[in-house]
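*Asks:*
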Amino acid sequence: MSEPVEVVVARIGRPHGLRGEMTVRLSTDEPDRRFTPGSRLVLGGSGRVLTVDSWRRASGSVLLRFTEVGDRTAAEAIQGEELSARVDADERPEAPEEYYDRQLRGLQARDSRGQPLGRVTAVIHMPAQDLLAIDVDGTERLVPFVAELVPQVDLAAGTLTVADVGGLVDDDAEEAR
Numbered sequence: 001m002s003e004p005v006e007v008v009v010a011r012i013g014r015p016h017g018l019r020g021e022m023t024v025r026l027s028t029d030e031p032d033r034r035f036t037p038g039s040r041l042v043l044g045g046s047g048r049v050l051t052v053d054s055w056r057r058a059s060g061s062v063l064l065r066f067t068e069v070g071d072r073t074a075a076e077a078i079q080g081e082e083l084s085a086r087v088d089a090d091e092r093p094e095a096p097e098e099y100y101d102r103q104l105r106g107l108q109a110r111d112s113r114g115q116p117l118g119r120v121t122a123v124i125h126m127p128a129q130d131l132l133a134i135d136v137d138g139t140e141r142l143v144p145f146v147a148e149l150v151p152q153v154d155l156a157a158g159t160l161t162v163a164d165v166g167g168l169v170d171d172d173a174e175e176a177r
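Each step along the sequence shown adds one to the number in the UniProt record's numbering, with nothing skipped, and position 61 is 61.
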């Protein structure tokens with residue numbers, strides 16, 4: 001088993017009610033796994049550890065309550081903070097075609113011929129699909145993270161393949177053909 005790493009699972013939103021419950025914006029596809037009562041999450045840069053008391057979905061929102069946050073004032077004090085879970089560095093999502101952001105950041109992006117394009121610097125979660133931010137010679141290019149455009153991810157090799165689509169990563173892609 002490898003060393004644990006911290007993975008951002010949510011950002012705290014506004015308080016809900018008077019007893020310390022708060023809305024959260026999820027950064028995980030596994031809330032049942034991350035927010036089970038008794039789970040311990042790390043708060044933002046402070047490193048303060050909070051224990052999940054309960055969580056639920058209500059009117060399109062996710063509501064979370066911590067044992068250490070007993071009222072609205074305490075919830076307001078941590079509004080906007082990120083919540084992280086400590087997970088084993090080798091842990092993978094349950095579905096084989098899914099990846100954690102931390103697994104994708106730093107991968108070498110290559111074209112279909114294996115030529116280097118750049119490095120993944122971030123994963124941006126959008127309503128329609130996730131985007132990979134790839135640094136190509138100092139310029140950030142956004143590539144939709146869908147199978148048609150990113151057909152292969154090889155974590156062991158530290159690479160992913162980006163389809164050869166003109167203008168997607170390289171302005172001169174059409175001319176190179």
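Backbone N, C-alpha and C fix where the C-beta goes; we use that ideal spot for every residue, glycine too.
Reducing DSSP to helix, strand and coil, say where D32 ends up.
*Replies:* Position 32 of the sequence shown, counting from 1, holds the residue named residue 32. Correct three-state label for D32: helix.
*Asks:* Could you work out which residue in L64, P127, R119, D101 is closest to I12 when comparing CA atoms only?
*Replies:* Stepping through the sequence shown from its first residue, residue 12 is reached at position 12. Comparing Cα-Cα distances from I12 to each of L64, P127, R119, D101, the minimum goes to L64.
*Asks:* Would you mind sorting V162 into buried or exposed? The rule is 16 or more other CB atoms within 10 Å of its CB.
*Replies:* For this step, residue 162 is matched to residue 162 along the sequence shown. Its Cβ being crowded by 16 or more others within 10 Å, V162 is buried.
*Asks:* Does the distance from the CB of F105 to the CB of A122 come in under 8 Å?
*Replies:* For the purposes of this step, residue 105 is taken as residue 105 along the sequence shown, with counting starting at 1. For the purposes of this step, residue 122 is taken as residue 122 along the sequence shown, with counting starting at 1. The identity of residue 105 in the sequence shown is Arg, whereas the question assumes Phe. Yes; because the gap between Cβ atoms is below 8 Å, this pair is in contact.
*Asks:* So the beta strand (DSSP E) Q79 belongs to, where does it begin and stop?
*Replies:* For the purposes of this step, residue 79 is taken as residue 79 along the sequence shown, with counting starting at 1. Element bounds for Q79: n/a, residue is neither H nor E.
*Asks:* Less than 8 Å separating the beta-carbons of V52 and S27?
*Replies:* In the sequence shown, the residue the question calls residue 52 occupies position 52. In the sequence shown, the residue the question calls residue 27 occupies position 27. No; because the gap between Cβ atoms is not below 8 Å, this pair is not in contact.
*Asks:* Measure the C-alpha to C-alpha separation of V24 and D154 and round it to an integer number of angstroms.
*Replies:* Position 24 of the sequence shown, counted from the first residue, corresponds to residue 24. Position 154 of the sequence shown, counted from the first residue, corresponds to residue 154. Computed Cα separation, rounded: 32 Å.
*Asks:* Starting from Q103, follow the alpha helix (DSSP H) in both directions and report where the run begins and ends.
*Replies:* The sequence position of residue 103 within the sequence shown is 103, counting from 1. Note, Q103: alpha helix (DSSP H), 101-104.
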